[in-house]
Structure formats: structure tokens, C-alpha cells
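Protein chains: 2
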Amino acid sequence: MVAHPDEHSASRPPRRQRSDGERSRAAILHEAARLATVEGLDGLSLARLAAAVGMSKSGLFAHFGSKEELQLATIDAASAIFDELVIEPAGGEAAGVTRLQAYVERFLDHVEEGVFPGGCFFVSAMSEFDAHPGPVRDGAVAFSQRWLTLLAEQVASAQAAGELDPGADPSQIAFELNAYMVLGNMQFVATSDPAALDRVRRAVSARLSALAV
Amino acid sequence: MVAHPDEHSASRPPRRQRSDGERSRAAILHEAARLATVEGLDGLSLARLAAAVGMSKSGLFAHFGSKEELQLATIDAASAIFDELVIEPAGGEAAGVTRLQAYVERFLDHVEEGVFPGGCFFVSAMSEFDAHPGPVRDGAVAFSQRWLTLLAEQVASAQAAGELDPGADPSQIAFELNAYMVLGNMQFVATSDPAALDRVRRAVSARLSALAV
Chain A
1 MVAHPDEHSA SRPPRRQRSD GERSRAAILH EAARLATVEG LDGLSLARLA
51 AAVGMSKSGL FAHFGSKEEL QLATIDAASA IFDELVIEPA GGEAAGVTRL
101 QAYVERFLDH VEEGVFPGGC FFVSAMSEFD AHPGPVRDGA VAFSQRWLTL
151 LAEQVASAQA AGELDPGADP SQIAFELNAY MVLGNMQFVA TSDPAALDRV
201 RRAVSARLSA LAV
Chain B
1001 MVAHPDEHSA SRPPRRQRSD GERSRAAILH EAARLATVEG LDGLSLARLA
1051 AAVGMSKSGL FAHFGSKEEL QLATIDAASA IFDELVIEPA GGEAAGVTRL
1101 QAYVERFLDH VEEGVFPGGC FFVSAMSEFD AHPGPVRDGA VAFSQRWLTL
1151 LAEQVASAQA AGELDPGADP SQIAFELNAY MVLGNMQFVA TSDPAALDRV
1201 RRAVSARLSA LAV
């Protein structure tokens, strides 16, 4: 999904030398993804972003032909950051319940650490664009679908390994686990209270316990 | 929480005759609440709202002294609509599991019927303002807290009536049930697929079954 290297691609071999143009594009998109979780993807004005990265508006125009192009590139950049911090490290854990729990823990860590100051980039983007059909919404929905599929795959692995009730619907369980993460993320950003993230941990633990065989 | 009567206050006695000024204020706020779920509360420009309600910008200025005043009044109006369509009808059901399920069903109905075209007003508002401290965020958080308290009260009633495991934490269960509603709402708005709402029903049913005594 990611067309451009950035500082967060350290775990993706092979790393080639980047030109100054690519380097600054990556820096711009990283800042754009952070800003978008606070001001919205629609609030990503070239003027505000130029100020945040210390460039001229005309310099930014050279990187992005349109606001929509900038928004789509920002979604790709956020996706790469999420891959690096959440999906890839959890992917190193044993398939099944262990990896499922790792997805949840890594997700909560990236929220608590403020990787994006407005919390999960994709919760922000989905909520902002859910009523706006178009490529930006499609990009956010596709990411969300990929995340739900990853969760469902680990539920299915856990069923195959005899860890969870084989009668449960993996997609349904993925929906439920993701629901806890989405609401916990929103509450944590709004209140800065880590209790919101503990509620997610308790919810996930109770749901998986109820399905244990 | 609601300072101004509107068309949605039919169930709140006593109803007094409204002046033309009040009537148009109510109509403006109803439209503002609908618009805010699509364009955001921050996207509620006086120009856009004036066009939506067929008034001049100067006419709107006479009603609202500032954008923040308009945003806060819009939150009150959305709260009154939610009270009328979700909270009050469910409040007529028997306390405990029956009323809890009625809260969920009424919530899903108001999402499916498109009362607000961008789905639940408060999910939109929380997600938009969670990273923006101030009275608007406080208003959205207070509403969300009230809703969670209503759900937790019915969990506690169900426990007292012997319907649900008395060892469960009512606030935790309220969090989990609300999480299903919040994610189902976002998915339904983004995809228009009622399957998202069925997932919520299945999740709530499974969670309450696991707690049944």
C-alpha cells in the first residue's frame, strides 16, 4: 500500500539511499498524518502544513498536485507507520491467541504513546470521511478492512489450534475486539485517562476467556 | 441540558407557544446538528448553515453571537433529539435487560433511519473534538458519559433482578456494549450495509448471554 519510503520504514529491507526530494516528501507526510488526527484530513491546508514543516506553500505544491493527492498520500504514510509499529511486530508472535493479544497490545501502545496526537489515524479518518464518498473514504475503509481481516485470521488460527471455540464466527469476534479498541482510543484521546485503555484490555480478555475451549 | 424547545421536544410537557424567533432558532439548530455529522462541528460555517436553512448570514448572526455559541447550542439540540428518539422511549421499558436491549435497538434504529446523515451525532463530535480541549469537547464528553451511565444503571438493575452475573462491573459492561454501537455506527455510515448493525445485535446478545445467570 505504501509507495514512498519514510523514517518509519526501518524494518523494511532493503533500504536504499533516498534523494533530498524523497526525504522531504517523507517528512511532510509524517507531519501531515500527525496533523490530520487533530485537524482532520480535510483541515490539512497547504498553508498549515507548510508552517508545520517549515516550507513555503509553493514548495509544497511541487510535492502534491492537489489536496486530494496529499490526503491519499497521507493515508499511505499513516498506513506504513501503523504497519511498522503495530502489525509487523505483532506478526512476529506465535499465530493464534498470542498474536491476537499482541495486535491489541501494540495498538494500545501506539495510542498511549501518542504516535498520532489525535489517536488512531484510521479511527479519525473513518469518522471524518464516513459520510463523504470518494477515494479518501475508500482508502480509510480499505485499511480498516485489512485490519479486521488480520484480526479474524488470528481468531481462525486460534480455533484451528484448539485455543478458541471453533463455532464462533471469526469476523464477528474481530468486530468485537476492534470495537473495544476504537472506543478505548476515542476515550483515551478525549480524557488522557489510561483507564480507558485498561477497559479495552479487560474487555478483550473477557471475550477471549468466554471463547476459550 | 436543553435550553431551547424544538420540534423534537413533543414528549416534554408542558409545551408552550413558541415565538417565530424561537421556532426559527429550533429549525436552525436541527439543521445544524444534521450538517455537523457530515461536515463536522468545525465545518459549520454560518454561510453554509445560512444556505441550508434559507436565511441570510446576518440573520444567523442575530441568533448566535459566535461560532462556539452555535456549536454548543447544536450539541444541546442533538442531545434533545437523542433523548426523544432513543433514551425516552427505551426508558418506558422494564428496568434491567429489557431496557438495556431497548437502548441498543433505539440507538441502532436512529442510525439506520439516518436521523443524522453522518450517523450518531456524538460519535462524530467526540471523534472530531477529542484532541481539542474546550467547552465543545466537554459538552460531547459529558453527553457520552451520561449515555454510559444510563447503560451501566441498567446493567446494575439487571444484576439486582438476578438477570445478570452480579460479579460483573456495570461500567465495564456499559463500555463494551457502547463500543459495539460506536463501531457498528461508523461502519454503517461508511458502507450503508445493515450487516454492520446486525453485528452489533449479535455482539450485544453474546455479551449478555455470557453474563446471564
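Read top to bottom, the protein sequences are chains A and B.
If you read the first sequence in my numbering, its first letter stands for residue 1, the second for the next number, and so on.
If you read the second sequence in my numbering, its first letter stands for residue 1001, the second for the next number, and so on.
For glycine and all other residues, C-beta sits at the position ideal for the given N, C-alpha and C.
Which residue or residues does DSSP assign as beta-bridge partners of residue i?
i                  : result
Ala-1212 (chain B) : B:Leu-1164
What would DSSP say about residue i, mapped onto helix, strand or coil?
i                  : result
Glu-7 (chain A)    : For Glu-7 (chain A), the pLDDT reaches just 40, beneath the cut-off of 50, and the residue's location in the model is therefore unreliable, leaving the point undetermined.
Ala-195 (chain A)  : helix
Pro-13 (chain A)   : Its pLDDT being 45, under 50, Pro-13 (chain A) is placed unreliably in this model, and the coordinates cannot settle the point.
His-1110 (chain B) : helix
His-257 (chain A)  : Shown here, chain A extends from 1 to 213; a query on residue 257 (chain A) therefore has no answer.
His-1063 (chain B) : helix
Ala-174 (chain A)  : helix
Glu-128 (chain A)  : helix
Phe-121 (chain A)  : helix
Asp-1042 (chain B) : coil
Val-1115 (chain B) : coil
Gly-238 (chain A)  : Only positions 1 to 213 of chain A appear in the structure, and residue 238 (chain A) is not among them; the question remains open.
Pro-1133 (chain B) : coil
Met-1055 (chain B) : coil
Ser-184 (chain A)  : One detail in the question is off: residue 184 (chain A) reads as Gly in this sequence, not Ser. Helix.
Leu-49 (chain A)   : helix
Asp-169 (chain A)  : coil
Gly-91 (chain A)   : helix
Verify whether the separation of the beta carbon atoms of residue i and residue j is less than 8 Å.
i                  : j                  : result
Ala-174 (chain A)  : Leu-148 (chain A)  : yes
Ala-1210 (chain B) : Ala-179 (chain A)  : no
Leu-44 (chain A)   : Gln-71 (chain A)   : yes
Arg-1106 (chain B) : Pro-1133 (chain B) : no
Pro-170 (chain A)  : Ala-160 (chain A)  : no
Val-1189 (chain B) : Ala-190 (chain A)  : no
Ile-1028 (chain B) : His-1063 (chain B) : yes
Ile-75 (chain A)   : Ala-140 (chain A)  : yes
Val-85 (chain A)   : Val-104 (chain A)  : Residue identity differs from the one stated: residue 85 (chain A) is Leu in this sequence, not Val. Their beta carbons are not under 8 Å apart, which means Leu-85 (chain A) does not touch Val-104 (chain A) by this criterion.
Glu-68 (chain A)   : Pro-135 (chain A)  : yes
Gly-1162 (chain B) : Val-1213 (chain B) : yes
Leu-1060 (chain B) : Ala-1050 (chain B) : yes
Thr-37 (chain A)   : Pro-166 (chain A)  : no
Please look up how many angstroms separate the CB atoms of residue i and residue j, rounded, as I've assumed it's under 8 Å.
i                  : j                  : result
Arg-137 (chain A)  : Phe-129 (chain A)  : 4 Å
Glu-1113 (chain B) : Ala-203 (chain A)  : Actually they do not touch by this definition, with Cβ atoms about 28 Å apart.
Leu-46 (chain A)   : Val-111 (chain A)  : In fact, because the Cβ distance is near 28 Å, the residues do not count as touching under 8 Å.
Leu-1041 (chain B) : Ala-1125 (chain B) : 6 Å
Leu-1150 (chain B) : Ala-1158 (chain B) : Contact doesn't hold; Cβ gap of about 13 Å is too wide.
Ser-227 (chain A)  : Ser-1127 (chain B) : Because residue 227 (chain A) is not part of the residues shown, which for chain A are 1 to 213, the question remains open.
Gln-280 (chain A)  : Leu-100 (chain A)  : The requested residue 280 (chain A) does not occur in the structure, where chain A is confined to residues 1 to 213.
- Is the segment 1032-1042 of chain B touching the segment 1091-1098 of chain B in the sense that three or more CB pairs, one from each, lie closer than 8 Å? Counting Cβ pairs under 8 Å, fewer than three are found: no touch.
- Pair every Cβ in the segment 1104-1123 of chain B with every Cβ in the segment 1064-1081 of chain B, then say whether three or more of these pairs are closer than 8 Å. They touch, by the three-pair rule.
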